[in-house]
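Counted the way my numbering counts, the sequence shown spans residues 224 to 560.
Glycine included, C-beta positions come from ideal geometry on N, C-alpha and C.
Step one of this worksheet: look at the structure below.
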Amino acid sequence: MRKNIDSLLQYINFEDKPTSWYNLAYEIEKNYNSNFLDKYDFDEILKFYGFDTDFKIRVYQELDILRKDINLNYICYIMYYILYYADKENYYNIWSWKSTNNTFKDHGSYMIPVISLLLGYEFHIKNMNLRCFDNEQIEVQKYNIRLTCTSDRKRHNIDGIRFSQMIWGSFFMKGYIIQVGRLQYEIGVKNFSKLDKYFETKKEYVYIHIPRDKNLDELKVKESIKNSKDYIRKYYPNLNTSDLIYYTQSWLLSPEVREVLPNGSNIVKFQNMFDIIEYEENINDFLNFVFDEVTGNIQYENLSENTSLQKELKQYLLDSKKLHLGLGILKNIDEGV
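This is how it looks when you write it as structure tokens:
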């Protein structure tokens, strides 16, 4: 089977050898059926999420290719299986899959990860019903799936989505993330054991995600945090919410960012809401979120300088200085606005 996986990876110019493909090769082969796509109603799926006509056309074009090309058909099933049936270790392995310009250069396209993600539609419906999401939350969920599937085309001119977007979208499909106003809250996904050493007893952790492209307004952030506990209690009634620990790991908690921004900036105010307990060297998140660049062979001298933050951090990179993510614990969940 290893030789078969190798040939599939070569077929789409996949530069890595993802361990999950090899670990699950036997399970995937046992469950695979070349007609697996036929049981899904893509008209219903695409209508539910509100995709536009151009996007629908691209999906149908790729589906036609998948039904004719047995290698791509199998690859699509591999991605789908790992997204929705793999154990956590193999599921999280997707984060390490590199999305490069060479991938799908000769066969298929980055619409295959889109289709693999959308095959989780039934899981999404089931989990939203299980959580008793109200109409407002359902619309937010649909919007985030739509955004996940289309943002790379607008932002990076990619015909489809990067692999990281595929796993990000699956968090919504699996009912792991809710959105309350400005922020998103991930419940019960990450096993953040390195936080355990800071507490005498194990806690319930809630990971805060900060959607991009919106002002990090202090009042809206505090309002979201203040309201989130009620929504978590409502949607996750089996979770002990009496002593939740909210945390995040982000470039927004970077010491380098703090150095270059004024104390009154929204980002510094956001940092001040957290006890930052660890730092981790990272450049890719800055390239992605600050400069809108797909990680890879990027020439730092060509990075944008449209904002003062971009100018300052670009100079850091040109001077070969390190940049860090901060891991922070929210100081006060019940802080008012």
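query: Rounded C-beta distance between isoleucine 499 and leucine 550? I'm assuming under 8 Å.
result: 7 Å
- prompt: If you drop the 5 nearest sequence neighbours on each side, which residues of the same chain put their C-beta closer than 8 Å to that of threonine 242?
  reply: Asn313 and Asn316
- prompt: aspartate 382 to arginine 376, Cα distance in whole Å?
  reply: 6 Å
message: Quick check on the DSSP output: what are the complete alpha helix (DSSP H) runs of length 4 or more inside the segment 279-310, in order along the chain?
response: 293-308
task: Give, in chain order, every unbroken run of the beta strand (DSSP E) that is at least 3 residues long and sits entirely within the segment 480-540.
output: 497-504
- prompt: Given that a residue counts as buried once 16 or more other Cβ atoms are within 10 Å of its Cβ, and exposed if not, what is tryptophan 318?
  reply: Tryptophan 318 is exposed by the Cβ-count criterion.
Exposure label - asparagine 358; buried when at least 16 CB within 10 Å: exposed
query: Just curious, the alpha helix (DSSP H) that threonine 242 is in, first and last residue?
result: 242-246
- request: Compute the Euclidean distance between the alpha carbons of alanine 248 and tyrosine 304, then round it to the nearest angstrom.
  value: 10 Å
- request: Would you kindly report the start and end of the unbroken beta strand (DSSP E) that includes isoleucine 468?
  value: 467-473
Element boundaries [beta strand (DSSP E), containing tyrosine 430]: 427-432
field: Straight-line gap, isoleucine 390 to tyrosine 399 (C-alpha atoms, nearest Å)
entry: 12 Å
field: 8 Å Cβ shell around aspartate 508 - same chain, five flanking residues per side excluded
entry: Excluding sequence positions up to five before and after aspartate 508, its CB lies within less than 8 Å of the CB of Ser473, Trp474 and Leu548, all in the same chain and listed in chain order.
- request: Using alpha carbons as the reference points, say which of Leu467, Glu441, Ile301 and Asn461 lies closest to lysine 452.
  value: If we check each option's Cα against that of lysine 452, Leu467 comes out closest.
message: Considering only DSSP beta bridges, list what glutamine 402 is partnered with.
response: Gln407
Alpha helix (DSSP H) segments (min. 4 residues) lying fully within the segment 310-338: 311-315
- request: Quick one: using the 10 Å Cβ neighbour count with 16 as the cut-off for buried, is serine 332 buried or exposed?
  value: buried
- request: Would you mind stating whether lysine 397 and asparagine 350 have Cβ atoms separated by less than 8 Å?
  value: yes
- request: Indicate whether phenylalanine 405 and valine 444 have their beta-carbon atoms separated by less than 8 Å.
  value: Sequence check: residue 405 is arginine here, not phenylalanine. Cβ atoms of arginine 405 and valine 444: closer than 8 Å.
query: Helix, strand or coil: how does DSSP classify leucine 548 here?
result: strand
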